[in-house]
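Chains as they are written, first to last, in my numbering: chain A, 522 to 782; chain B, 522 to 782. All residues carry an ideal CB built from backbone N, CA and C; glycine is no exception. Quick notes on the structure that follows.
2 protein chains.
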Amino acid sequence: MAASHSPRAGFVIIGNEILSGRTQDANLPYLAQRLGRAGIAMVEVRIVSDERDAIIEAVNTLRARLDHVFTSGGIGPTHDDITAASIAAAFDLPLDRDPEAVRRLERHYPPDKLNAARLTMADVPRGAGLIDNPVSAAPGFRVENVYVLAGVPAIFRAMVDMVVPHLAAGPPILSRTLSSHLTEGLVAAPLGRLQEEFPDVAIGSYPFYRNDRLGVSLVLRSPDPDRLEAATAAVALMIRALGEEPLAEPDATAEAQPPVH
Amino acid sequence: MAASHSPRAGFVIIGNEILSGRTQDANLPYLAQRLGRAGIAMVEVRIVSDERDAIIEAVNTLRARLDHVFTSGGIGPTHDDITAASIAAAFDLPLDRDPEAVRRLERHYPPDKLNAARLTMADVPRGAGLIDNPVSAAPGFRVENVYVLAGVPAIFRAMVDMVVPHLAAGPPILSRTLSSHLTEGLVAAPLGRLQEEFPDVAIGSYPFYRNDRLGVSLVLRSPDPDRLEAATAAVALMIRALGEEPLAEPDATAEAQPPVH
Numbered sequence: 522m523a524a525s526h527s528p529r530a531g532f533v534i535i536g537n538e539i540l541s542g543r544t545q546d547a548n549l550p551y552l553a554q555r556l557g558r559a560g561i562a563m564v565e566v567r568i569v570s571d572e573r574d575a576i577i578e579a580v581n582t583l584r585a586r587l588d589h590v591f592t593s594g595g596i597g598p599t600h601d602d603i604t605a606a607s608i609a610a611a612f613d614l615p616l617d618r619d620p621e622a623v624r625r626l627e628r629h630y631p632p633d634k635l636n637a638a639r640l641t642m643a644d645v646p647r648g649a650g651l652i653d654n655p656v657s658a659a660p661g662f663r664v665e666n667v668y669v670l671a672g673v674p675a676i677f678r679a680m681v682d683m684v685v686p687h688l689a690a691g692p693p694i695l696s697r698t699l700s701s702h703l704t705e706g707l708v709a710a711p712l713g714r715l716q717e718e719f720p721d722v723a724i725g726s727y728p729f730y731r732n733d734r735l736g737v738s739l740v741l742r743s744p745d746p747d748r749l750e751a752a753t754a755a756v757a758l759m760i761r762a763l764g765e766e767p768l769a770e771p772d773a774t775a776e777a778q779p780p781v782h
Numbered sequence: 522m523a524a525s526h527s528p529r530a531g532f533v534i535i536g537n538e539i540l541s542g543r544t545q546d547a548n549l550p551y552l553a554q555r556l557g558r559a560g561i562a563m564v565e566v567r568i569v570s571d572e573r574d575a576i577i578e579a580v581n582t583l584r585a586r587l588d589h590v591f592t593s594g595g596i597g598p599t600h601d602d603i604t605a606a607s608i609a610a611a612f613d614l615p616l617d618r619d620p621e622a623v624r625r626l627e628r629h630y631p632p633d634k635l636n637a638a639r640l641t642m643a644d645v646p647r648g649a650g651l652i653d654n655p656v657s658a659a660p661g662f663r664v665e666n667v668y669v670l671a672g673v674p675a676i677f678r679a680m681v682d683m684v685v686p687h688l689a690a691g692p693p694i695l696s697r698t699l700s701s702h703l704t705e706g707l708v709a710a711p712l713g714r715l716q717e718e719f720p721d722v723a724i725g726s727y728p729f730y731r732n733d734r735l736g737v738s739l740v741l742r743s744p745d746p747d748r749l750e751a752a753t754a755a756v757a758l759m760i761r762a763l764g765e766e767p768l769a770e771p772d773a774t775a776e777a778q779p780p781v782h
């Protein structure tokens, strides 16, 4: 399938507050869509606690099997911020105070505010490359194919925007969505036959329940615009043959995501 | 630490639409909070694609190391709904058509609507226990310590409410949150000392940025109400010593979540 040519990414979300349900992660949708537009497929996400062994296991597993791995969270100055030390341990590297990171903190904080706790935010695994933090100075960092970013969404997004343009892009993957008030049970058989007819177009089926009505969104993805248009036309024909009209999806054509099938 | 006595849970979210960023998962916060009130700690979440091997790996890893594992998604009637077959493979069980599940579908659908695709929603691993679906009949199921639930949030929540009361509950864990307009860098040193003074109270520090102001929420968790109150009083004293007042958090005392430290 076409997807096998896309670079593949993973994401490790570090934070007890996400696991406990106290805070809802908002970073995955941003990262996945940003990568998708660069032709890079997000294929696995792990949410782990603020525990050294949990972080090491997730990062080491994903960095060995994927092209790029991102992490979010745990790079602040408090006792529960253990991401930098855990990443250093994952790579078997010492944790060093980075002189350039210290300079950035010195430029950001008045001298009497740059205390010992804040200076720990300049500690990174030896040899790591720094990632700019345009919001609050304390940098993220990169070790090999692992990008360690802040968890606060405004900072996370700024760092993603900084990193993604430098990654090797995959072939752009186009996507089309056709929603209708049909139900999955009605479309299942003819849709399965269309998936067999278009093995190079990934077709996903996502039921929804809005305004007291059931419906289904059919999402088609392919790097080949002609095949995507042909499959989309065939799915639209199927929807009409079942007695419904595709609903308007204003942003469907602007979307560009890689398949993960 | 007290957390070691809490039963531990994992969650496998199955779905390309979550990975691609097209849809934001809304099920984790509900499940984690519902488990938290039952004294069960959510300790690891994996989001995987609609691929058999990815589902098998995640489920087999988590079910071996945790007390309870939940999955969401992929139990509909379309070609990309492969969760039941993947769970059967994970347990090395055959996939059988369950007569009781067929009866439930027969009660829900008019005879001319119960087609072959919909009947596949009655296929479960041999010996699985069914989980009621009060919304659209097609059941979830349980195999050993793995609970396989629908991805559509309304159905997912109904199934969670059905399952959780039957799980062995842990000691109830209480939580208190103290937010203020201090920053993490200012609280880091005294907060670290308080964490050492109260090793049996898990203290988390979560920065926020609201209405153009930085701040930090300090979340304390413990099964011991007296120790929790003592630690909360000490943290409040620390906040006032640093020149701020704790902000009102109306729902803090109603919250009850297990620590995952």
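In this structure Asp571(A) touches Gly595(A) by the C-beta definition: roughly 6 Å separates them, less than 8 Å.
For Val673(A), there is no enclosing alpha helix (DSSP H), as DSSP marks it with neither H nor E. Of all alpha-carbon atoms in Met563(B), Leu735(B), Gly725(B) and Pro711(B), the one lying nearest the alpha-carbon of Ala762(B) is that of Pro711(B). Under the 8 Å criterion on CB atoms, Met680(A) is classed as non-interfacial with respect to chain B. Assignment of Ser570(B) by DSSP, reduced to helix, strand and coil, places it in the coil class. Its Cα nearest to that of Ser593(A), the residue Leu549(A) stands out among Met642(A), Pro655(A) and Leu549(A).
Listed as beta-bridge partners of Phe591(A) by DSSP are Phe532(A) and Tyr668(A).
Here His687(B) is exposed: its Cβ has fewer than 16 other Cβ atoms, across all protein chains shown, within 10 Å. The beta-carbon of Tyr727(A) is placed less than 8 Å from the nearest beta-carbon of chain B.
In this structure, DSSP gives Thr698(B) an extended state, which the three-state scheme calls strand. Within the same chain, Ser700, Ser701, His702, Leu703, Thr704, Pro728, Phe729, Tyr730 and Leu768 come within 8 Å of Gly736(A) by CB-CB distance, once the 5 residues on both sides are set aside.
Around the CB of Arg567(A), 16 or more other CB atoms lie within 10 Å, so the residue is classed as buried. In terms of Cβ geometry, Leu739(A) and Val722(A) do not form a close pair [threshold 8 Å]. Within chain A, the residues placing a beta-carbon under 9 Å from that of Glu705(B) are Gly597, Pro598, Thr599, Asp602, Ala638 and Arg639, ordered along the chain. Taking the C-beta atoms as reference points, Asp619(B) is found nearer than 8 Å to Ala643(B). Not one beta carbon of chain A lies nearer than 8 Å to the beta carbon of Val580(B). Proximity of chain A to Glu538(B) at the Cβ level (cut-off 8 Å) is accounted for by Gly725, Tyr727 and Val740, in chain order. Look at Leu712(B): its C-beta is under 8 Å from a C-beta on chain A. Counting along the chain, no beta strand (DSSP E) covers Leu688(B), and no H or E run does either. Under the Cβ distance rule, Leu749(A) does not count among the residues neighbouring chain B, no pair being separated by less than 8 Å. Ile576(B) places its beta carbon less than 8 Å from that of Ile535(B).
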